[in-house]
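Colleague: When we follow our numbering, the leftmost residue of the sequence shown carries the number 304, and every step to the right adds one.
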Amino acid sequence: MDIDLWSPRLVAGFSAGEDSEFPPSRDAMLARLCRAKRLGAGILATPTGHASQVLLKQAGLEGQMEEVNAALTQLTRQAAGSDGLVAGTLAPAGLELEPFGETSFTQLMAVYRSQGSCLAKAGADCFLVETSSALQYARCAVLALRKLKLPILASVRLERDGELQHGGSALNALTVLQALGVSAFGLRGEYDREELEEMVAQLAQMARVPLMVQPAKYRMEGEDLCPLTQGELEAHCRRLLELGATLLYCATGGERLAVPAGAVEEYGETGLRHHPAQSDPDQVVLADAWEIYDMDYDRLELGPPLPCTADMSEVLMQQQLGGFDVVRIEINSPEDAQDFAQNEYMAHLPVCFLSHDEISLKLALMLYNGIALVDSQSSLPRKTLEKIAAKYGAIVY
């Protein structure tokens, strides 16, 4: 489905932990959704943050995923009306990914895809991937949902220091997720007004997709966070839109929902629109889960190919100390791809994969939480390499 997300809109939704009761009261939920629509929300997000198979099982609702997601999507559609859009909400499932947890990347993909299928079947116009605390989780959701052919709005949650909970900046997350083809990138968190405005201005210079931003609730006064007054919030919302935000995100139950709604309407009436940032063809932007690396394409120095083992800490450290720009990883089997995925957090440099096996290369790129190079010295045809690389936001070099 084609949705113009470059037009200013208000997105109204729910946090996964916003309501203690689940499933929520139908009448109360409908009232909140209708209020948000009445105040000007152009996109209503379904209250389905708790409705993955994992969280429903914990709530004693195992086996009811399709029924619950369908009911809540239909409720949201009722409030949205014929002229509103419905975003199917998927939130963190409470599972920790390897190597620090016990859940594999493909297992978590299956969790996201199964719920996404229910939301798509129930009539959602797009997906809203809510407040991932680490880039890995957002990537996992995006890769799982892409096959369902609906636009994906992916958001991350920032801590007070402006970083994701498990490390990495908003700019890093934007760079990786837009390379995967998300339709919009979003920010949420307990940041202060000035920090957020500065961040949006920075992101707008790199954003090739619309930015979705939750306005700040606070301003700094000395070392204290103080709530914004009504007038300050109005000015802040207008400023976010001027700096590069296209979508403003607010909770349906927010007391001052009318303020961002008014700012969106006012900005929309100006006829101004933001546009995708232009990229420099002479530069290559690579990334891992924590940093981005802006490099000169013609001057990259790659290290020698490294074979994969269960413990790569020593060889990765040697590459880092050797003055190379990029770590080159040899992927000969799916097991190699799995081994490197367990070690990638120790690389501290961008990565280039050299593989002569199509399946192994696909797995390595799927599991890698960044933007990688693909070595053209592979025996695979260049067209095959380019097709695989494009699917995962990678670059053939």
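Note that beta-carbon positions come from the ideal geometry of N, C-alpha and C, so glycine has one too.
At which residues does the alpha helix (DSSP H) containing Val588 begin and terminate?
Modeller: The residue you call residue 588 lines up with position 285 of the sequence shown. Unbroken run through Val588 is the beta strand (DSSP E), Gln586 to Ala590; no alpha helix (DSSP H).
Colleague: Does the segment 552-565 come into contact with the segment 587-595, if we say contact requires no fewer than three beta-carbon pairs (one atom in each stretch) closer than 8 Å?
Modeller: At 8 Å Cβ cutoff, the stretches do not touch.
Colleague: Could you tell me the alpha carbon to alpha carbon distance between Glu647 and Tyr671, rounded to whole angstroms?
Modeller: On the sequence shown, residue 647 is found 344 positions in, with the first residue counted as 1. On the sequence shown, residue 671 is found 368 positions in, with the first residue counted as 1. Glu647 and Tyr671: Cα-Cα distance of roughly 8 Å.
Colleague: Closer than 8 Å by C-beta to Ser755: which residues in its own chain qualify, once you throw out the five before and the five after it? Chain order, please.
Modeller: The chain is shown only over 304 to 700; residue 755 falls outside these bounds and no answer can be derived.
Colleague: Between the segment 507-527 and the segment 546-558, do three or more beta carbon pairs fall short of 8 Å?
Modeller: Touching, yes.
Colleague: Just to confirm my understanding: we take Gln623, look at its own chain, exclude 5 residues before and 5 after, and list those with CB closer than 7 Å. What are they?
Modeller: For the purposes of this step, residue 623 is taken as the residue at position 320 of the sequence shown. The residues are His651 and Leu652.
Colleague: DSSP state of Cys337, grouped into three classes?
Modeller: For the purposes of this step, residue 337 is taken as residue 34 along the sequence shown, with counting starting at 1. Helix at Cys337.
Colleague: Would you report the Cα separation of Asn635 and Leu411, rounded to the nearest angstrom?
Modeller: Within the sequence shown, residue 635 is the residue found at index 332, counting from 1. Within the sequence shown, residue 411 is the residue found at index 108, counting from 1. Cα to Cα, Asn635 sits roughly 25 Å from Leu411.
Colleague: Express the C-alpha separation of Asp495 and Glu526 in angstroms, rounding to a whole number.
Modeller: As a first step, residue 526 is located in the sequence shown; it is residue number 223 there, counting from the start. As a first step, residue 495 is located in the sequence shown; it is residue number 192 there, counting from the start. Distance between the alpha carbons of Glu526 and Asp495 is about 11 Å.
Colleague: What are the start and end residues of the alpha helix (DSSP H) that includes Ser417?
Modeller: The sequence position of residue 417 within the sequence shown is 114, counting from 1. Note, Ser417: alpha helix (DSSP H), Phe408 to Lys424.
Colleague: Thinking C-alpha only, which one of Glu661, Phe656, Met620 and Tyr695 is nearest Glu633?
Modeller: Here residue 633 is taken as the residue at index 330 of the sequence shown, counted from 1. Looking at the Cα atoms, Phe656 is the closest of the given residues.
Colleague: Among all the DSSP beta bridges, which residues are the ones paired with Tyr521?
Modeller: Here residue 521 is taken as the residue at index 218 of the sequence shown, counted from 1. In the DSSP output, where bridge partners are listed per residue, Tyr521 has Asp495 and Pro530.
Colleague: Quick one: what's Asp597 bridged to in DSSP?
Modeller: Numbered from its first residue, the sequence shown carries residue 597 at position 294. The partner list for Asp597 (beta bridge, DSSP) reads Val588.
Colleague: What does DSSP give as the partner residue(s) for Phe430 in the beta ladder?
Modeller: Along the sequence shown, one-based indexing puts residue 430 at 127. For Phe430, which the question treats as bridged, DSSP gives the partners Gly391 and Ile455.
Colleague: So, with DSSP's three-state summary, where would you put Gly366?
Modeller: Counting from one through the sequence shown, the residue named residue 366 turns up at place 63. Coil.
Colleague: Apart from the five residues just before and just after Arg335, which ones in its own chain have a Cβ nearer than 6 Å to its Cβ?
Modeller: Counted from its first residue, the sequence shown places residue 335 at position 32. So the list reads Thr555 and Gly556, once near-sequence residues are dropped.
Colleague: Note down, in chain order, each residue of its chain lying with its Cβ closer than 8 Å to the Cβ of Gly343, except the 5 sequence neighbours on either side.
Modeller: As a position in the sequence shown, residue 343 is number 40, starting the count at 1. The answer, listed in chain order, is Leu313, Ala561, Ala564, Gly565, Val567 and Glu568.
Colleague: Leaving aside the five residues before and after Gly470 along the sequence, list all residues of the same chain whose C-beta is less than 8 Å from its C-beta, in chain order.
Modeller: What you label residue 470 is simply residue 167 of the sequence shown in a count that begins at 1. Excluding sequence neighbours, Gly470 sits near Ala437, Ala592 and Trp593.
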